[in-house]
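This report refers to the structure that appears directly beneath it.
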Amino acid sequence: MKRGKSASSVKRPVAARRAPPAGRDAFRADAGRYGRTVYRACGRSGLKLPPVSLGLWHNFGDVDRAADGRRLVLRAFDLGVTHFDLANNYGPPPGSAERNFGRILKADLASHRDELIVSTKAGYRMWPGPYGEWGSRKYLLSSLDRSLERLGLECVDIFYSHRYDPETPLEETASALVQAVRSGKALYAGISNYPPGPTEAIASMMRSEGVRLLIHQMKYSMFVREPESGLFATLESGGIGGIAFSPLAQGLLTDRYRSGIPPDSRAAKPHGFLQGSEITAERLGTIGALNAVAQRRGQTLAQMAIAWVLRQPAVTSALIGASRVEQLESNLKAIEHPAFGEEELAEIDAILGS
Ligand SMILES: NC(=O)c1ccc[n+]([C@@H]2O[C@H](COP(=O)([O-])OP(=O)(O)OC[C@H]3O[C@@H](n4cnc5c(N)ncnc54)[C@H](OP(=O)(O)O)[C@@H]3O)[C@@H](O)[C@H]2O)c1
5 MKRGKSASSV
15 KRPVAARRAP
25 PAGRDAFRAD
35 AGRYGRTVYR
45 ACGRSGLKLP
55 PVSLGLWHNF
65 GDVDRAADGR
75 RLVLRAFDLG
85 VTHFDLANNY
95 GPPPGSAERN
105 FGRILKADLA
115 SHRDELIVST
125 KAGYRMWPGP
135 YGEWGSRKYL
145 LSSLDRSLER
155 LGLECVDIFY
165 SHRYDPETPL
175 EETASALVQA
185 VRSGKALYAG
195 ISNYPPGPTE
205 AIASMMRSEG
215 VRLLIHQMKY
225 SMFVREPESG
235 LFATLESGGI
245 GGIAFSPLAQ
255 GLLTDRYRSG
265 IPPDSRAAKP
275 HGFLQGSEIT
285 AERLGTIGAL
295 NAVAQRRGQT
305 LAQMAIAWVL
315 RQPAVTSALI
325 GASRVEQLES
335 NLKAIEHPAF
345 GEEELAEIDA
355 ILGS
């Protein structure tokens, strides 16, 4: 097996321990934070992830209140959430979520860096011209450098190719991910939104270069079930972990829209990716029927939606978003009631028409 500079020989990020800015309380992590959660192995790897991870796609840009983002991240950490997911383009503006998270890391979590799994990705448009998106070596490795600058880190824990690029030879993307790991700028590599065939192929290319494809990040929820037809089987047979993004369908699988579109919700925000047009009367009927099942289980709809994605053996972690601490606190209770009976699953399938 060829080996380059090992990650452990590269200087790990040690952000300076500093006093918090005036007017801000120093963060003291809850000593009981690891008592609530059973961490799950990410595929056939030594890395364990929390069952629920926090994504910073929305609510952490420069358009959002920094104090709210800080509260969310620190509360999540106190509740045992060790994994925070970013991408180069999260904001808006693109890059601002990494910069804002970097500030929290430096000011509050510097002494906990080794307890955190920080991931970032490159794949979508980040700068103009032919090298600002997709899967070339030129784009991926330049983008990783820029992400590290914004985050104020010398390495991330997971670096992803954010989307499958049909125009770049897969070998090139594979070797860029391998290089990211060999250089010590990422401890592990992952892919996101890849179909099953290219997933299997890139995993095998990386394996032949001595680097494991750790994880696949896929869209999966009661409303988006494509990974069930092929991808999950590929992940399980390849020992690749899975992390399901948008398990709440961006808030649809919660109480958020059951009586209209609240003005502070994602669907109401000009930069929110959830379109008001997705909230149809038919959808609301389905959501109401699912809510009745959740109530019978003694859960909120959001808790049931998270437990439902975690029932898949291929899913290591459910990657949620949150705009406020109360959502996060409530959603994390999903793990208190994870099991589904056959009849419950059949009823959910019937409601979903699948
Ligand atoms: N790889 C990719 O291509 C990709 C794509 C998309 C996302 N992701 C990752 O996945 C992460 C999660 O995505 P997501 O934010 O769409 O996930 P999600 O968990 O499906 O939706 C999160 C939103 O649901 C609402 N919500 C959450 N809990 C709630 C509760 N208890 N009650 C009422 N509303 C609640 C909030 O909306 P409000 O803001 O309206 O309160 C929150 O912002 C992202 O941050 C990102 O890291 C990856």
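Start counting the sequence shown at 5; every next residue gets the next number (my numbering).
Glycine residues also receive a C-beta, built at the ideal position from the N, C-alpha and C atoms.
{"Query": "Helix, strand or coil at H341 according to DSSP, with G and I counted as helix", "Result": "coil"}
{"Query": "The stretch 339 to 350 touching the stretch 270 to 285, judged by at least three CB pairs closer than 8 Å", "Result": "no"}
{"Query": "For P17, three-class secondary structure by DSSP", "Result": "Bear in mind that a pLDDT of 42 at P17, under 50, signals an unreliable position, so the number given afterwards is only what the model happens to contain. In the structure shown, P17 sits in coil (DSSP, three-state: anything other than H, G, I, E or B)."}
{"Query": "C-alpha gap between I355 and L58, whole angstroms", "Result": "28 Å"}
{"Query": "G84 versus S147 - alpha carbon distance", "Result": "30 Å"}
{"Query": "DSSP state of H62 mapped onto helix, strand, coil", "Result": "coil"}
{"Query": "C-alpha gap between S10 and I162, whole angstroms", "Result": "Reliability of the predicted coordinates at S10 is poor, the pLDDT of 40 falling under 50, and no value is obtained from them."}
{"Query": "Beta-carbon proximity list for G292, same chain, < 8 Å, skipping 5 on both sides", "Result": "R262"}
{"Query": "Rounded separation between D353 and K273 - CA only", "Result": "31 Å"}
{"Query": "Residues that DSSP places opposite V160 in a beta bridge", "Result": "A190"}
{"Query": "A220 beta carbon near ligand 1 (any heavy atom closer than 7 Å)", "Result": "In the sequence under discussion, the amino acid at residue 220 is His, which differs from the Ala named in the question. No, Cβ of H220 sits at least 7 Å from all heavy atoms of ligand 1."}
{"Query": "Alpha carbon of R79 to alpha carbon of V313, nearest angstrom", "Result": "23 Å"}
{"Query": "Residue span of the alpha helix (DSSP H) that contains F105, given as start and end", "Result": "100 to 112"}
{"Query": "Start-to-end residues for the beta strand (DSSP E) that takes in M222", "Result": "217 to 223"}
{"Query": "Through-space distance from H166 to E176, alpha-carbon basis", "Result": "15 Å"}
{"Query": "Alpha-carbon spacing of G214 relative to E333, whole angstroms", "Result": "40 Å"}
{"Query": "L323 - containing beta strand (DSSP E), residue span", "Result": "321 to 324"}
{"Query": "Cβ-heavy atom distance, W380 to ligand 1, below 7 Å", "Result": "Residue 380 cannot be examined here, being either before or after the span of the chain that is shown, 5 to 358."}
{"Query": "R7 (DSSP reduced to helix, strand or coil)", "Result": "Because the pLDDT at R7 is just 37, under 50, the model does not fix this residue reliably, and the point stays unresolved."}
{"Query": "Chain C contact for E346 (CB, 8 Å cutoff)", "Result": "Within the model displayed, chain C is absent; a lone protein chain is all it includes."}
{"Query": "Rounded C-alpha distance that separates G136 from Y143", "Result": "6 Å"}
{"Query": "Three or more C-beta pairs below 8 Å linking the stretch 228 to 242 and the stretch 316 to 323", "Result": "yes"}
{"Query": "Which listed residue (T290, Q331, Q299) has its alpha carbon closest to that of G357", "Result": "T290"}
{"Query": "Check whether G201 and H220 have beta carbons under 8 Å apart", "Result": "no"}
{"Query": "Own chain residues within Cβ distance below 8 Å of Y168, not counting five before or after", "Result": "G139, I195, N197, Y198, P199, P202"}
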